[in-house]
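Undergrad:
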Amino acid sequence: MDLNQLEWYRGKISSLSICIFICIGRAFFIRRKNMDSKQLTVQALQKVLPDDISEEQITNLIEKPKSSDLGDYAFPTFILAKSLHKAPNMIAEDLVGQIDQDGFEKVVNTGAYVNFFLDKGNFSNNILHTVLSEKENYGNADEGKGGNVPIDMSSPNIAKPMSMGHLRSTVIGNSIAKIITKLGYKPIKINHLGDWGTQFGKLIVGYKKWGSQAEVEADPINNLLKYYVRFHKEAETQPELDDEARAWFKKMEDGDQEALNLWTWFRKLSLAEFQKVYDRLDVTFDSYNGEAFYNDKMDDVIKTIQDKGLLEESRGAEIVDLSELDLSPALIRKTDGATLYITRDLAAAIYRKNTYHFVKSLYVVGSEQSEHFKKLKAVLKKMGYDWSDDIHHIDFGLITNGGKKLSTRKGRVILLENVLNDAVDLAKKQIEEKNPDLKNKDEVAEAVGVGAVVFHDLKNERRDNFDFNLEEVVRFEGETGPYVQYTNARALSILRKAKTDDYQNADDLSLDDSEAWDTIKLLQQFPEIVDRAGQKYEPSVVAKYALKLAKSFNQYYAHSKILTEDDGLNARLGLVKSVSIILQMSLGLLGVRAPEEM
RNA sequence: GUCACAGUGGCUCAGUUGGAUAGAGCAACGGUCUUCUAAACCGUAGGUCGCGAGUUCGAAUCUCGCCUGUGACACCA
Numbered sequence: 348m349d350l351n352q353l354e355w356y357r358g359k360i361s362s363l364s365i366c367i368f369i370c371i372g373r374a375f376f377i378r379r380k381n382m383d384s385k386q387l388t389v390q391a392l393q394k395v396l397p398d399d400i401s402e403e404q405i406t407n408l409i410e411k412p413k414s415s416d417l418g419d420y421a422f423p424t425f426i427l428a429k430s431l432h433k434a435p436n437m438i439a440e441d442l443v444g445q446i447d448q449d450g451f452e453k454v455v456n457t458g459a460y461v462n463f464f465l466d467k468g469n470f471s472n473n474i475l476h477t478v479l480s481e482k483e484n485y486g487n488a489d490e491g492k493g494g495n496v497p498i499d500m501s502s503p504n505i506a507k508p509m510s511m512g513h514l515r516s517t518v519i520g521n522s523i524a525k526i527i528t529k530l531g532y533k534p535i536k537i538n539h540l541g542d543w544g545t546q547f548g549k550l551i552v553g554y555k556k557w558g559s560q561a562e563v564e565a566d567p568i569n570n571l572l573k574y575y576v577r578f579h580k581e582a583e584t585q586p587e588l589d590d591e592a593r594a595w596f597k598k599m600e601d602g603d604q605e606a607l608n609l610w611t612w613f614r615k616l617s618l619a620e621f622q623k624v625y626d627r628l629d630v631t632f633d634s635y636n637g638e639a640f641y642n643d644k645m646d647d648v649i650k651t652i653q654d655k656g657l658l659e660e661s662r663g664a665e666i667v668d669l670s671e672l673d674l675s676p677a678l679i680r681k682t683d684g685a686t687l688y689i690t691r692d693l694a695a696a697i698y699r700k701n702t703y704h705f706v707k708s709l710y711v712v713g714s715e716q717s718e719h720f721k722k723l724k725a726v727l728k729k730m731g732y733d734w735s736d737d738i739h740h741i742d743f744g745l746i747t748n749g750g751k752k753l754s755t756r757k758g759r760v761i762l763l764e765n766v767l768n769d770a771v772d773l774a775k776k777q778i779e780e781k782n783p784d785l786k787n788k789d790e791v792a793e794a795v796g797v798g799a800v801v802f803h804d805l806k807n808e809r810r811d812n813f814d815f816n817l818e819e820v821v822r823f824e825g826e827t828g829p830y831v832q833y834t835n836a837r838a839l840s841i842l843r844k845a846k847t848d849d850y851q852n853a854d855d856l857s858l859d860d861s862e863a864w865d866t867i868k869l870l871q872q873f874p875e876i877v878d879r880a881g882q883k884y885e886p887s888v889v890a891k892y893a894l895k896l897a898k899s900f901n902q903y904y905a906h907s908k909i910l911t912e913d914d915g916l917n918a919r920l921g922l923v924k925s926v927s928i929i930l931q932m933s934l935g936l937l938g939v940r941a942p943e944e945m
């Protein structure tokens, strides 16, 4: 490298570092100012409140009024009534008289509250600059510090169709993965396939009795399901079928070629079918290690349990007693020597710890299994693994149909694929009706239809049960995914129609408009929303926020003309752009696509 | 029976750490497209926050009891 080149590099490097320095400095400065809007309020109060009330107490007492009519922060004076021997509303009135209103739009009292109104122009200028410069990094945090977090999710059973129940686990897990990524963790999405167990014995019996290779290949899952359902029906009157099934599963475990070949074939066909659904949902996995993967890891686990003196015999089975925790015993090995669900999960938990050295390990599994996870953690704890505390069961409520639990065995399932197809068909109809000139109709219909189903699943608290209702799931009006998508599409449409993009570099983005105020405040809330969603493993926090932001923005632009050539144009466009950035990010965190037009 | 979770307008649900007249969306009724996509916006009507005590200046929110629903409760996963 000659001298000239060296100089050139130096120049590059130094100008780059200056740029980085300025950018970071600016972002930091802006963020400080935003965070300080509450701090400003605290300080204003502290100067006029009695000394025995600490800054911390004031911070905790300050609340955000439900309505902007009552300001942006409010301080209730009730607790001062006793010590000051005065009525709360008198205290509030006195405080308002003493408070230095500098930096606020105004400070007034309403009854017993002191209400602080922030300087809208200043606040909006700061927040819009922040969002426009940080873009999709807005709201990022480093809480996770790159720690691995395996997420056990989706986990459908081989040879059975994916039901709405699997949808829940899949989309909740997927969304949590995205949310915690934003918080600095590294999720490892594991599809813990149900690919082992006695049901395969049943399936083989059913296939051999009533099936054919051609039939299975034509429509694998539906036909395999058909055999399975028929097996259960016929076994009611012919109990000897159950014995046959057990024998076939035993053959699998003993390595019988015919049994294993069938099993491998079923598994392969099923995975290919599942993949179609995952593609539509935009969900990928880092591992497909299911139950079968742990077959050869069971002995070690059982040996460890035994070595620690935890294994007991009871009624012919081997168990770990958990009665001191008010839990029923964990069945490690059946009377016939076969292992069980919890044995495999113990092996999996230990494997994941050893392989990923996780900081947390999540299981997105229905709440009917909460007992199982309590036992799992308890056994691990007894084995001396303190990291059992890092295991979290992310439970969710079950989906019923007509108030009844769905059951694969009885053939009462809601097929996810049908639901998605219905939703997409309906979306297509809507597009033909409302926007017939749209270019990529099918692609948009897919995004909207699937988005509606996914959003519907995520918008309520995980643990809520819900009764399946097709009309409700594929609804496009009101509090739905398409509503958020539509709001974003319209925002983008405005930006396309704007003759300028000067707002991207404008210094002044202050927007002193009460119509826009709620939206602006919502933009500022986004980072704490992501954080809360992550702490609670609750995608619905993001979904509800997205609805709130969309609604507030819809209200704003239904009443205000954005594309007007005046001094406020840059700020308004900056707001539209910021809203679209955050709506897209929110939808992204939920695993819902955001079409540019619809 | 034991344990867990839930109970908010006709339906589906919101409601950070207890706070100001309990909020939305569907459905119902009425209004708004010559003006940035009406999948939108505005308005009207609709609630003893399951019931009863307790704590508190103050409870949908915390504690206790009861009622109702759902789920789990040893060889399924």
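Here the working numbering is used: the first residue of the first sequence is 348, the next is one more, and so on.
For every residue, glycine included, the Cβ atom is placed at its ideal position computed from N, Cα and C.
Since the model is a prediction, treat every value here as computed from it, not as a measurement.
Give me, in chain order, the residues of the same chain whose beta-carbon lies closer than 6 Å to that of ILE424; leave out the 5 immediate sequence neighbours on both sides.
TA: Along the first sequence, one-based indexing puts residue 424 at 77. Checking the sequence, you will find Thr at residue 424 rather than Ile. These residues qualify, in order along the chain: PRO435, ILE438, ALA439, ALA459.
Undergrad: State the CB to CB distance for the pair GLU943 and LEU839, rounded to an integer number of angstroms; the pair is presumed to be in contact (CB under 8 Å).
TA: Within the first sequence, the letter at position 596 stands for residue 943. Within the first sequence, the letter at position 492 stands for residue 839. About 5 Å separates the two Cβ atoms, so the contact holds.
Undergrad: Under 7 Å Cβ to Cβ from PRO578, same chain only, skipping five residues before and after it: list those, please.
TA: By 1-based counting over the first sequence, the position of residue 578 is 231. It is worth fixing the name first, because residue 578 is Phe in this sequence and not Pro. So the qualifying residues of the chain are LYS549, VAL552, GLY553, LEU588.
Undergrad: For VAL712, which of helix, strand or coil comes out of DSSP?
TA: Taking the first sequence and counting its residues from 1, one reaches residue 712 at position 365. VAL712 falls in the strand class under three-state DSSP.
Undergrad: From PHE368 to THR477, what does the alpha carbon distance come to, in whole angstroms?
TA: Sequence index remark: in the first sequence, residue 368 carries index 21 (1-based). Sequence index remark: in the first sequence, residue 477 carries index 130 (1-based). Its pLDDT being 39, under 50, PHE368 is placed unreliably in this model, and the value from its coordinates should be taken loosely. Distance between the alpha carbons of PHE368 and THR477 is about 16 Å.
Undergrad: Tell me which residues share the same chain as LEU363 and place their Cβ nearer than 8 Å to its Cβ, disregarding the 5 neighbours each side in the sequence.
TA: Stepping through the first sequence from its first residue, residue 363 is reached at position 16. Model confidence at LEU363 stands at a pLDDT of 41, short of 50, so the residue's coordinates are unreliable; what they give is reported in the following sentence. Taken in chain order, the list of residues that qualify is empty.
Undergrad: Taking the alpha-carbon of PRO508 as reference, which of ASP566, SER559, ALA561 has the nearest alpha-carbon?
TA: In the first sequence, residue 508 corresponds to position 161, counting from 1. That would be ASP566, whose Cα lies nearest to the Cα of PRO508.
Undergrad: Would you mind reading off the limits of the alpha helix (DSSP H) that contains SER925?
TA: To locate residue 925, count along the first sequence from 1; it is residue 578. First-last of the alpha helix (DSSP H) with SER925: 916-937.
Undergrad: Using a threshold of 8 Å, state whether the C-beta atoms of ASP742 and SER708 are closer than that.
TA: As a working note, residue 742 is residue 395 in the first sequence. As a working note, residue 708 is residue 361 in the first sequence. Against a cut-off of 8 Å, the Cβ pair of SER708 and ASP742 comes out as no contact.
Undergrad: Report the rounded CA-to-CA distance for GLY828 versus TYR574, giving the unit in angstroms.
TA: Indexing the first sequence from 1 puts residue 828 at position 481. Indexing the first sequence from 1 puts residue 574 at position 227. Distance between the alpha carbons of GLY828 and TYR574: 37 Å.
Undergrad: Count the other CB atoms, across all protein chains shown, that sit within 10 Å of the CB of MET932; report buried if there are 16 or more and exposed otherwise.
TA: For the purposes of this step, residue 932 is identified with residue 585 of the first sequence, where counting begins at 1. With 16 or more Cβ atoms within 10 Å of its Cβ, MET932 is classed as buried.
Undergrad: Would you say the segment 490-500 touches the segment 518-537, given that touching needs at least three Cβ pairs under 8 Å?
TA: The segment 490-500 vs the segment 518-537: in contact.
Undergrad: Using the three-state DSSP reduction, which class does ILE377 fall into: helix, strand or coil?
TA: The residue labelled residue 377 in the question sits at position 30 within the first sequence. Residue placement at ILE377 cannot be trusted, given a pLDDT of 37 that sits under 50; what the coordinates show is reported in the next sentence. Reduced to three states, the DSSP call for ILE377 is helix.
Undergrad: For GLU483, count neighbouring Cβ atoms within 10 angstroms of its own Cβ and tell me buried if that reaches 16, exposed if not.
TA: For this step, residue 483 is matched to residue 136 along the first sequence. By the 10 Å Cβ count, GLU483 comes out exposed.
Undergrad: Indicate, with yes or no, if the ligand FMN has a heavy atom lying under 7 Å from the CB of SER887.
TA: Only the bare structure without any ligand can be found here, which leaves the ligand FMN out of the picture.
Undergrad: At the level of alpha carbons, what is the spacing between PHE613 and GLU564?
TA: For the purposes of this step, residue 613 is identified with residue 266 of the first sequence, where counting begins at 1. For the purposes of this step, residue 564 is identified with residue 217 of the first sequence, where counting begins at 1. If you take the alpha carbons of PHE613 and GLU564, they lie about 10 Å apart.
Undergrad: DSSP state of LYS781, grouped into three classes?
TA: Here residue 781 refers to the residue found at position 434 when the first sequence is read from its first residue. In this structure, LYS781 counts as helix in the three-state DSSP scheme.
Undergrad: With DSSP as the reference, label ASP992 as helix, strand or coil.
TA: Any property of residue 992 remains undetermined from this structure, which presents the chain solely from 348 to 945.
Undergrad: Taking the alpha carbon of THR545 as the reference point, which residue from TRP610, GLY558, MET511 has its own alpha carbon closest?
TA: Sequence index remark: in the first sequence, residue 545 carries index 198 (1-based). The shortest C-alpha separation from THR545 is found at TRP610.
Undergrad: By Cβ distance, which residues of its chain are closer than 8 Å to ASP466, with the 5 residues on each side in sequence left out?
TA: Start at 1 with the first residue of the first sequence, and residue 466 comes out as number 119. Around ASP466: GLY450, PHE451, GLU452.
Undergrad: Can you give me the C-alpha to C-alpha distance between ASP349 and GLN851, rounded to a whole angstrom?
TA: By one-based count along the first sequence, residue 349 stands at place 2. By one-based count along the first sequence, residue 851 stands at place 504. Because the pLDDT of ASP349 is 38, which lies under 50, any placement of that residue in the model is unreliable, and the question is left without a value.
Undergrad: What does the alpha-carbon distance come out to for the pair ASP542 and LYS644?
TA: The residue you call residue 542 lines up with position 195 of the first sequence. The residue you call residue 644 lines up with position 297 of the first sequence. Cα to Cα, ASP542 sits roughly 15 Å from LYS644.
Undergrad: Quick one: Cα of ASN538 to Cα of SER471, how far?
TA: Residue mapping note: residue 538 aligns to position 191 of the first sequence, counting from 1. Residue mapping note: residue 471 aligns to position 124 of the first sequence, counting from 1. Between ASN538 and SER471, the C-alpha separation is close to 44 Å.
Undergrad: For LEU408 and GLN393, I'd like the C-alpha separation in whole angstroms.
TA: Translated into positions along the first sequence, residue 408 becomes position 61. Translated into positions along the first sequence, residue 393 becomes position 46. Whole-angstrom Cα-Cα distance: 12 Å.
Undergrad: Taking 8 Å as the limit between beta carbons, can you name the residues of its chain near THR686, skipping five residues before and five after?
TA: For the purposes of this step, residue 686 is identified with residue 339 of the first sequence, where counting begins at 1. MET645, ILE649, ILE679, ARG680, listed in sequence order.
Undergrad: Assuming the contact rule is C-beta atoms closer than 8 Å, GLY531 and LEU858 should be a hit. Round their C-beta distance to whole Å, please.
TA: As a working mapping, residue 531 is identified with position 184 in the first sequence. As a working mapping, residue 858 is identified with position 511 in the first sequence. The Cβ separation is near 32 Å, so there is no contact.
Undergrad: For the segment 665-704, which segments carrying the beta strand (DSSP E) assignment without a break, of at least 3 residues, lie completely within its bounds, in sequence order?
TA: Entirely contained in the segment 665-704, the beta strand (DSSP E) runs reaching 3 residues are, in chain order, 677-680.
Undergrad: In chain order, what residues of the same chain lie with their CB nearer than 6 Å to the CB of SER907, ignoring the 5 residues before and after it?
TA: Sequence index remark: in the first sequence, residue 907 carries index 560 (1-based). Result list for SER907: GLU862, in chain order.
Undergrad: Ignore the nearest five residues each way along the sequence and tell me which others in SER332's own chain have a CB closer than 7 Å to its CB.
TA: The first residue shown for the chain is 348 and the last is 945, placing residue 332 beyond what the model contains.
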